């Protein structure tokens, strides 16, 4: 059994599709099928259940992928230690777009000094954590809450920054132009709001606005529901609506923060960078120690 065969099995575990994995490795589905059969014959056990065109890991497969992904990860880190400076490696960073936008700033400078090509995967938190656990990504940006609630115990989190959340509006918004930066609950109820359909972090519908605001305590007039976070930002920047946003987004966009009387709206969220440590002192450990 070769290491590149194991990498193909690990990828199939994530894609659950022969054609998708075959395309990724630039081989035919038939050749990939033979590789899978060879690995399963070597192990004397089946790793996947075939459900139509979908490959679903069985219990043995889950155990195999868990241990083999650690093996591949350690091997990659070991070889990166000895390869010349001219040899390029691939660095994959995963996470929700809203976190990547700000968190990448901390990574770009140290990554620019390494001989690597960088791929950025815009995915929700759960998928980002799973990608690091399986080895399809080396780094992910997620909230500490998502990391603490995950079932993966072989990952390490490094604090990147803390952020609060605030009600915000553009300079062209009527309330901001009037200097009305402190609202009572009645004013809040009459101001148009833009909210995401789903949480921009985990991709799930969370409460009325899915943005963390306590609508049961202070109801809002939600006029714009946006399935895309960039669309929500466009609405806010047009001056047509307020939104409840992370402070780093507010600062990046130059928006104005508003306070609502009688509502403790300023909760904090810790953002972390997660990775899988290796016994080999490869590029990833060196990068993390440099941060």
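Residue numbers (our numbering): 1011 to 1301. Yeah, the Cβ is synthetic: ideal placement off N, Cα and C, and Gly gets one too. Quantities reported herein were computed from a predicted structural model and do not represent experimental measurements.
N- and C-terminal bounds of the beta strand (DSSP E) containing residue 1298: From DSSP, residue 1298 is part of no beta strand (DSSP E) but of the alpha helix (DSSP H) over 1293-1300.
Residues sharing a beta bridge with residue 1205, DSSP: 1235
Per-residue DSSP class, three states only, for residue 1113: helix
Delimiting residues of the alpha helix (DSSP H) encompassing residue 1076: 1069-1092
Expected contact under 8 Å - CB spacing of residue 1231 and residue 1201 to nearest Å: 6 Å
Stretch pair the region 1159-1177 + the region 1267-1287: three plus CB contacts closer than 8 Å: yes
Assigned exposure category for residue 1135 - 16 Cβ within 10 Å defines buried: buried
Between the CA atoms of residue 1263 and residue 1118 - distance to the nearest angstrom: 20 Å
Proximal residues to residue 1110 (C-beta, below 8 Å), its chain only, five neighbours per side dropped: 1103, 1130, 1132 and 1151
Start and end residues, alpha helix (DSSP H) containing residue 1154: 1154-1159
C-alpha distance - residue 1234 paired with residue 1181, whole-angstrom precision: 19 Å
Cβ-based burial, residue 1183 [other Cβ within 10 Å; buried from 16]: buried
Candidates 1203, 1076 and 1265: closest to residue 1164 by CA position: 1076
Residue 1236 vs residue 1221 beta-carbon contact at 8 Å: no
Spatial distance of residue 1141 from residue 1194 (CA atoms): 44 Å
The region 1018-1030 contacting the region 1054-1068, beta-carbon criterion three pairs below 8 Å: yes
Spatially closest choice to residue 1144 from 1287, 1295 and 1296, by CA coordinates: 1287
Local Cβ density within 10 Å of residue 1256, reported as buried at 16 or more and exposed below that: buried
Three-state secondary structure (DSSP) of residue 1176: strand
Contact check, residue 1267 vs residue 1192, beta carbons under 8 Å: no
Proximity to residue 1259 [Cα-Cα], best of 1084, 1162 and 1173: 1173
Coil, strand or helix - residue 1244 by DSSP: helix
Integer Cβ distance of residue 1055 from residue 1070, believed to fall under 8 Å: 5 Å
Between the CA atoms of residue 1297 and residue 1126 - distance to the nearest angstrom: 12 Å
Beta strand (DSSP E) segment containing residue 1256, residue limits: 1253-1256
Residue 1188, buried or exposed, once every other Cβ within 10 Å from all chains shown has been counted against 16: exposed
For residue 1098, the three-state DSSP class (helix, strand or coil): coil
Proximity winner among 1053, 1057 and 1018, relative to residue 1038 (alpha-carbon distances): 1018
Limits of the unbroken beta strand (DSSP E) element including residue 1130: 1126-1132
Pair within 8 Å by beta-carbon distance, residue 1210 and residue 1239: yes
Limits of the beta strand (DSSP E) - the one that residue 1059 falls within: 1058-1061
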